[in-house]
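Using this note's numbering, you'd call the opening residue of the sequence shown number 21 and step up by one each time.
Here a beta-carbon is modelled for each residue, glycine too, at the ideal position from N, C-alpha and C.
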Amino acid sequence: MTDLVIRNARVMTCDPARPGLGMIDHGALVIAGGKIAWIGDDAEAPSAGYTIDARGRLVTPGLVDCHTHAIFAGDRANEFAMRAAGTPYLEIAAAGGGIHATLEPTRGAADDTLVELTRERIACARANGTTVIEIKSGYDLTNAGELRLLRCIARAAVVAGPRIVPTLLAHLIPADRAVDRDVYVRSICDQLVRAAATERLATSVDVYCDEGAFTLAETRAILTTAKACGLAVRGHVGQFRDLGAAELLGELGARSADHVEQISDDGIAALARAGVVAVMLPGACVQLRLPVPPVDKLRHAGVPLAVATDLNPGSSYSESLPLQLWLATTHYGMTVEEAWLGVTRHAARALGVEAGRLVTGAAGDVVLWKCNDPADVPYHYGANHVDRVWIAGVL
Ligand code: NIG
Ligand code: FE
21 MTDLVIRNAR VMTCDPARPG LGMIDHGALV IAGGKIAWIG DDAEAPSAGY TIDARGRLVT
81 PGLVDCHTHA IFAGDRANEF AMRAAGTPYL EIAAAGGGIH ATLEPTRGAA DDTLVELTRE
141 RIACARANGT TVIEIKSGYD LTNAGELRLL RCIARAAVVA GPRIVPTLLA HLIPADRAVD
201 RDVYVRSICD QLVRAAATER LATSVDVYCD EGAFTLAETR AILTTAKACG LAVRGHVGQF
261 RDLGAAELLG ELGARSADHV EQISDDGIAA LARAGVVAVM LPGACVQLRL PVPPVDKLRH
321 AGVPLAVATD LNPGSSYSES LPLQLWLATT HYGMTVEEAW LGVTRHAARA LGVEAGRLVT
381 GAAGDVVLWK CNDPADVPYH YGANHVDRVW IAGVL
């Protein structure tokens with residue numbers, strides 16, 4: 021493969037060795053063998069290879085979406101309309117909607133259908149600049165069905181497509197298991213988590229610990245088992261109520277605590293102490309009309325902040341990280357710099373993958389934008405500013 025040289029670019033490296041976003045205003049980079057082979061000032065750029073003149077426009081790392089539920093069938097547009105008219109999410113869920121409404125269409129869909137639907141969503145994400153995407157299971161809720169979803173997630177990867185990071189999600193106690201929920205939780209620990217680890221179908225386990233979902237004790241049981249099986253752990257916590265899960269995630273050394281609209285000062289301190297990433301999901305928060313997380317407190321405690329789509333059929337049906345940049349800056353009070361680090365370097369940290377920064381030796385995951393300032397993307401929101409995307413050096 022010929023080396024690719026991108027010249028005359030405003031390069032956002034997100035290199036932690038440089039301040040802020042690590043901008044190189046008159047920059048260049050070389051991709052060889054699928055990796056960043058050289059990066060620096062344009063004046064010093066090597067000239068060999070196929071050269072692209074960026075004409076002063078922005079070049080960034082490929083975006084990392086660290087929290088999605090991209091595998092599901094069916095849709096819940098009816099619920100969106102009900103919420104728009106004022107009915108709360110939890111009320112719709114209690115009446116049989118919500119996560120439960122996605123179970124039947126997902127369970128009934130053939131493997132090929134699920135793979136195809138997931139690929140369509142990944143293609144949309146890539147068109148919006150995403151080059152690494154985490155995908156959670158969670159819309160079957162039987163052990164065999166959750167393993168089937170994880171196998172379909174593995175099959176959804178395409179050549180030169182975004183890298184997929186698979187997560188097993190304990191999403192909810194299904195209605196028919198409410199009577200023996202202890203047995204259900206035990207089977208998640210003893211069978212599902214162990215099978216996902218043995219078959220290498222997931223690299224982490226996530227539990228939805230909230231009102232109407234798993235209790236703190238159940239979350240502890242599942243995540244402790246996951247850790248013992250060598251899997252990373254994370255949690256959907258405090259979207260509606262703070263059950264003390266942030267403290268638990270800190271104690272377990274989790275990769276991330278996601279949502280955190282409701283979180284105590286002790287919870288924030290626990291995340292900071294353990295270096296757990298807090299994942300902001302403004303698409304779901306704004307759409308469900310929830311109070312925003314305490315971004316200021318998290319920032320001052322030194323908790324790394326990531327930003328993700330939460331792509332799912334209920335609370336946030338969006339593949340676009342640029343739209344989340346807009347929500348993070350306008351609704352969460354994050355700075356432009358914080359929001360960009362949230363969809364690059366900090367998101368990669370939440371996944372434990374090498375991505376989200378342009379440094380020598382990193383994967384050649386690069387986005388060339390049509391604009392030239394990092395603020396342009398959230399500022400001119402809703403327009404797609406992506407010009408070209410390379411994944412491991414492939415256009
Ligand atoms: O992250 N909070 C739990 N799960 C999803 C919503 C899933 C759904 O409504 O289908 C979330 O927002
Ligand atoms: Fe989620």
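Contact set for I56: own chain, Cβ-Cβ below 7 Å, skip 5 residues either direction: Contacts found: L49, L378, V379, T380, G381, A382 and G384.
Contacting residues, own chain, Cβ-Cβ under 7 Å from L347 (five flanking each side not counted): P302, G303 and V306, listed in sequence order.
Cβ-Cβ separation, A395 to V356 (assumed contact under 8 Å), whole Å: The C-beta distance from V356 to A395 rounds to 5 Å, short enough to fall under 8 Å.
Nearest-angstrom Cα separation, counted from A328 out to H320: CA-to-CA, the gap between H320 and A328 works out to about 21 Å.
D62 - DSSP class collapsed to helix/strand/coil: Per DSSP, reduced to three states, the secondary structure at D62 is helical.
Local conformation of K317 per DSSP, three classes: Three-state result, K317: helix.
Cα-Cα separation between D286 and V323, rounded to whole angstroms: Each residue's alpha carbon lies about 13 Å from the other.
Burial state of A198, where buried means 16 or more other Cβ atoms lie within 10 Å: Answer is exposed; the Cβ neighbour count stays below 16.
Residue nearest to E219 in terms of C-alpha spacing, selected from G106, R168, G372 and E358: Looking at the Cα atoms, R168 is the closest of the given residues.
Straight-line gap, N28 to A375 (C-alpha atoms, nearest Å): Rounded to the nearest whole angstrom, the CA to CA distance from N28 to A375 is 23 Å.
Same chain, Cβ closer than 8 Å to G54, five either side skipped, listed in chain order: Beyond the five residues adjoining it in sequence on each side, G54 comes within less than 8 Å, by CB distance, of M21, A383, G384, A412, G413 and V414 in the same chain, given in chain order.
Within 8 Å, strictly: CB atoms of V84 and L345: Not closer than 8 Å, so no.
Beta-carbon gap between L192 and I119 smaller than 8 Å: Yes, they are a contact pair.
D230: CB within 7 Å of a non-hydrogen atom of ligand 2: No; taking the cut-off as 7 Å, the Cβ of D230 has no heavy atom of ligand 2 nearer than that.
At least three beta-carbon pairs within less than 8 Å, the segment 70 to 82 to the segment 132 to 143: Inter-segment contact for the segment 70 to 82 and the segment 132 to 143 is absent: fewer than three beta-carbon pairs are separated by less than 8 Å.
CA nearest to the CA of T187, picked from Y204, G158 and D200: Considering only alpha carbons, the answer is G158.
Closer than 8 Å to chain D by CB, G40: This model lacks chain D altogether, as it is built from one protein chain only.
Length at least 3, wholly inside the segment 291 to 338: the beta strand (DSSP E) runs in chain order: Fully enclosed beta strand (DSSP E) runs of 3 or longer: 297 to 300 and 325 to 327.
Cβ separation of W360 and V386, assumed to be a contact under 8 Å, to the nearest whole Å: Not confirmed; about 15 Å, so no contact.
Three-way DSSP call (helix, strand, coil) for R30 in this model: Reduced to three states, the DSSP call for R30 is strand.
H400 CB to nearest heavy atom of ligand 1 below 7 Å: H400 has its Cβ no nearer than 7 Å to any heavy atom of ligand 1.
H120: CB within 7 Å of a non-hydrogen atom of ligand 2: No, since every heavy atom of ligand 2 falls outside the 7 Å radius drawn around the Cβ of H120.
Contact test: G287 Cβ vs ligand 1 heavy atom, cutoff 7 Å: Not one heavy atom of ligand 1 falls within 7 Å of the beta-carbon of G287.
Where C209 sits in the DSSP three-state scheme: Correct three-state label for C209: helix.
Contacting residues, own chain, Cβ-Cβ under 8 Å from I112 (five flanking each side not counted): Once the five neighbours on either side are set aside, the close Cβ partners of I112 are E99, M102, R103 and G118.
Beta-carbon spacing of N392, R30 below 8 Å: Judged by their CB atoms, N392 and R30 are nearer to each other than the 8 Å cut-off.
Contact between the segment 237 to 249 and the segment 200 to 209 (3+ Cβ pairs under 8 Å): At 8 Å Cβ cutoff, the stretches touch.
Residue range of the unbroken alpha helix (DSSP H) whose run includes Y109: Counting along the chain, Y109 sits inside the alpha helix (DSSP H) bounded by residues Y109 to A114.
Cβ neighbour criterion (16 or more within 10 Å) applied to R275: Counting Cβ neighbours within 10 Å, R275 comes out buried, since at least 16 surround it.
Contiguous beta strand (DSSP E) assignments of at least 3 residues, all confined to the segment 43 to 90: For the segment 43 to 90, whole beta strand (DSSP E) runs of length 3 or above, ordered along the chain, are 43 to 52, 55 to 61, 70 to 73, 78 to 81 and 83 to 85.
Closest Cα partner of E136 within the set A90, C229 and A367: Comparing Cα-Cα distances from E136 to each of A90, C229 and A367, the minimum goes to A90.
Neighbourhood of G69 by C-beta, 8 Å cutoff - its chain only, sequence neighbours within 5 removed: Only T22, D23, L24, V25, V50 and A52 meet the Cβ criterion.
Start-to-end residues for the alpha helix (DSSP H) that takes in K156: Not the alpha helix (DSSP H): K156 falls in the beta strand (DSSP E), residues T150 to K156.
Limits of the beta strand (DSSP E) - the one that P186 falls within: Residues R183 to A190.
Boundaries of the alpha helix (DSSP H) in which Y399 is found, first to last residue: Run containing Y399: D396 to Y399, per the alpha helix (DSSP H) assignment.
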